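Shown next, in structure tokens, is the structure this report addresses.
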Amino acid sequence: MSLSMPFTRRALLGATAGLAASPALAAPQSGTGRGPFKASWESLAAGYRTPDWFRDAKLGIWSHWGPQCVPEYGDWYGRQMYQQGNPFYEHHVKTYGHPTQFGFMEFIPRWKADAWDSEALMKSYVAAGAKFFMSMANHHDNLDLFDSRHHAWNSTRVGPRRDIVGTWEKVARRHGMKFAVSNHAAHAWHWWQTAYGYDAEGPLKGQRYDAFRLKKADGKGKWWEGLDPQELYTGPNMVIPDGINSIAQANAWHDKHDGEWIETPPPNNPAFVRNWLLRQNDLVDRYRPDMVYFDNYALPLGQAGLEATAHFYNNAMRQFGRTDVVVTGKKLTPFQRKAIVEDVERGFSDRLRDEPWQTDTCIGNWHYDRGLYERNGYKTAKDVIQRLTDVVSKNGTLMLSIPQRGDGSIDDKEAKVLADMAGWIAVNGEAIYSTRPWKIYGEGPTRLVEGMQNEGDAKPFEARDIRFTTKAGALYALPLVEPGREMVIESLAVGAPHASGEVRRVSLLGGDPLPFTRDAKGLRITLPERRPAFTPVVKIEGPGLA
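Rendered as structure tokens:
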């Protein structure tokens, strides 16, 4: 996916965001397809409206899965296995061999997906409350997970030799789900440059890794015969020079050059940009997704990202007669939020937003991490429901990744998270789906810090932290931590600024009506000892409340 922490991404988040943040309105270009949208921020913003299905859905589940899951060692394995001194490099050399001989591409035939049961997984995702499903279409490793007409390195020709996106799309729609895809490949041109490097120290000092030396002709008689490794690794766009003699200097070079998170096109490789756009448009033309997640600040690759978005919106206009689709981007300006939906990766909003938005997170590491499983490091279902509740109260949607092993299965601890989510959703989903925000998002002492990649720094919620949603004239109060026998909602105190309206009935979702009183301190509700789900939800009804 995505913006990930193992590569000290926190230090890079702001490095080049300005390159993508400016509207930089460009003249319309060709390739956007027939329709009203042109490839400019102005045109996209003028004609776009976030569809109601997205505002109603609230929860999606994401298959963030590919050959980097084979080592079961976490995210960004493909890049970090080429960085001497990095724990990923050390693990790789010890387990598989040196990257001069066993490069990343050798994981692809080991990615067999032989335990992947898409039907069973989708059933568990639906039960857990997901209303849409997202398949990764490619990662920064540049392997397309669909039947790509413009990139030979795709999952129908190598690896599992299956159309991963196409399979997920059919299964998701069969279960009544909206279908989404994520595209991460715009960063491959600089992300992969570590594969052209070398050891700065040790017995193999100066010997270049596999990407530097492999050519199409080298594949004769091998599993990749007929394919060009340079098309996978993207070519030598930004190669570390010879003569660096320390690990620290080599990694500093990478951090300063190919390690920056930039959205600009590669300056000397226009073919990469043309190919990216062809692949992206092919993806949406063939699989008709309802949503495209771009792992980018604003839109990828300058004008190409604008063209891709206009093409997608024009397709939707022809198919639905309206922009019934979603494109997401990160770190948007207020103007850009009118054109696409903002995604806040592994982070929070500190306010109720006017525009619909999304946060994406994972119960573990973006790519499957065996060590995290063994350390019991996953988010619990309660953690997920807290995030879902907070996000929905602020006009947002949660996209949750459930990491898959290289073989396509999920482990027992992940299955338990899904089962526990299903139990809560079965009782309390009424307060989540098709709701809209109240006058304020909530109350309580815990204050979240706005921004990306900061969820690990958040303070634990307390029993007084409550979030609100509304639907069909009812107000729902969702405590983030299970309260005691008395639940006090200060925002509904007599005379409080947002408390106009009469409280006539209070009930526990999945339970009975509850006794209550209302005074200048708040709405005081007496809860039963036995409750149908962790963190119960209270429904409050009366004229003028919502």
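Using our numbering, the first residue of the sequence shown is number 44, and each one after it goes up by one. In this text, a Cβ means the ideal position worked out from N, Cα and C, and glycines have one as well. Just so we're clear, the structure is a prediction, and the values are computed from it rather than from any experiment.
Start-to-end residues for the alpha helix (DSSP H) that takes in L415:
Run containing L415: 413 to 417, per the alpha helix (DSSP H) assignment.
I583, DSSP secondary structure in three states
Reduced to three states, the DSSP call for I583 is strand.
For the structure I just gave you, are there three or more beta carbon pairs, one from the region 307 to 325 and one from the region 285 to 295, closer than 8 Å?
By the Cβ test, the region 307 to 325 is not in contact with the region 285 to 295, since fewer than three Cβ pairs between them sit closer than 8 Å.
Beta bridge counterpart(s) of Q401 as assigned by DSSP
Its beta-bridge partners are D386, T440.
Name the DSSP beta bridge partners of L102, please?
DSSP lists L441 as partners of L102.
Closest residue to R77 among G487, V549, D328 (Cα-Cα distance):
Residue nearest to R77 within the set G487, V549, D328 is D328 (criterion: CA-CA distance).
Three or more C-beta pairs below 8 Å linking the region 413 to 421 and the region 382 to 389
When C-beta atoms of the region 413 to 421 are compared with those of the region 382 to 389, fewer than three pairs fall below 8 Å, so the two segments do not count as touching.
If the criterion is Cβ atoms closer than 7 Å, does the pair A173 and I104 meet it?
Their beta carbons are under 7 Å apart, which means A173 touches I104 by this criterion.
Beta-carbon proximity list for M281, same chain, < 7 Å, skipping 5 on both sides
Once the five neighbours on either side are set aside, the close Cβ partners of M281 are H233, Q236, H300, D301.
With distances taken Cα to Cα, identify the nearest neighbour of E457 among V492, I445, Q250.
Checking every option, the nearest Cα to that of E457 belongs to I445.
On the DSSP bridge list, what partners appear for M179?
S225, per the DSSP bridge assignment.
I'd like to check one pair, I532 with P522: are the Cβ atoms closer than 7 Å?
Their beta carbons are not under 7 Å apart, which means P522 does not touch I532 by this criterion.
Anyone know if the C-beta pair for T512 and A539 falls short of 7 Å?
The answer is no: Cβ separation not under 7 Å.
Please name the residue or residues paired with K514 in a DSSP beta bridge.
Under DSSP, K514 shares a beta bridge with A517.
Determine the burial state of Q144: buried for a count of at least 16 other Cβ atoms within 10 Å of its Cβ, exposed for fewer.
With fewer than 16 Cβ atoms within 10 Å of its Cβ, Q144 is classed as exposed.
Under 7 Å between C-beta atoms of W154 and S178:
No, they are not a contact pair.
Under three-state DSSP, which class holds V549?
Three-state DSSP puts V549 in a strand.
Can you tell me the Cα-Cα spacing of F504 and R430, whole angstroms?
F504 and R430: Cα-Cα distance of roughly 10 Å.
Which residue from A465, G90, A506 puts its Cα closest to that of M360?
It is G90.
Along the chain, which unbroken stretches of the beta strand (DSSP E) at least 3 residues long are found entirely within the region 124 to 204?
Secondary structure in the region 124 to 204: the beta strand (DSSP E) runs of 3 residues or longer, each lying completely within the stretch, are 175 to 181 in chain order.
Where the alpha helix (DSSP H) through T352 begins and ends:
Looking at the DSSP string, the run of the alpha helix (DSSP H) that includes T352 is 346 to 363.
Between G494, M495, Q496, R490, which lies nearest to K502 when the distance is taken from Cα to Cα?
The shortest Cα separation from K502 among G494, M495, Q496, R490 belongs to R490.
Alpha carbon of R122 to alpha carbon of A238, nearest angstrom
If you take the alpha carbons of R122 and A238, they lie about 7 Å apart.
Inspect the beta-carbon positions of A231 and H183 and report whether they are closer than 7 Å.
Contact flag set, yes.
Report buried or exposed for G407, applying the criterion of at least 16 other Cβ atoms within 10 angstroms of its Cβ.
Answer is buried; the Cβ neighbour count reaches 16.
Is DSSP giving A69 helix, strand or coil here?
With a pLDDT of only 33 at A69, under the threshold of 50, the placement of this residue in the model should not be trusted; the figure read from the coordinates follows. Three-state DSSP puts A69 in coil, outside helix and strand.
Beta-carbon spacing of M464, A506 below 7 Å
No, the pair does not count as a contact, with Cβ atoms beyond the cut-off.
Would you call P272 buried or exposed, if buried means 16 or more other Cβ atoms sit within 10 Å of its Cβ?
Its Cβ being crowded by 16 or more others within 10 Å, P272 is buried.
Is it true that the region 259 to 268 meets the region 212 to 220, where meeting means three or more beta-carbon pairs spaced less than 8 Å apart?
No contact exists between the region 259 to 268 and the region 212 to 220.
Can you tell me which of the three DSSP states T237 falls into?
In the three-state DSSP reduction, T237 falls in the helix class (H, G or I).
Run the CB neighbour count on E388, radius 10 Å, all protein chains shown included, and call it buried at 16 or more, exposed below.
Answer is buried; the Cβ neighbour count reaches 16.
Shortest alpha-carbon distance to T376 belongs to which of T138, W84, A195?
W84 is the residue among T138, W84, A195 whose C-alpha sits nearest the C-alpha of T376.
By the three-class DSSP mapping on this structure, what secondary structure does T569 have?
Three-state result, T569: strand.
As an exercise, report each continuous alpha helix (DSSP H) stretch of at least 4 residues that is fully enclosed by the region 423 to 477, in chain order.
DSSP runs (the alpha helix (DSSP H)) wholly in the region 423 to 477: 424 to 436, 455 to 471.
On a Cα-Cα basis, can you pick out the residue from Y519, S392, A520 that is closest to Q496?
It is S392 whose Cα lies nearest to the Cα of Q496.
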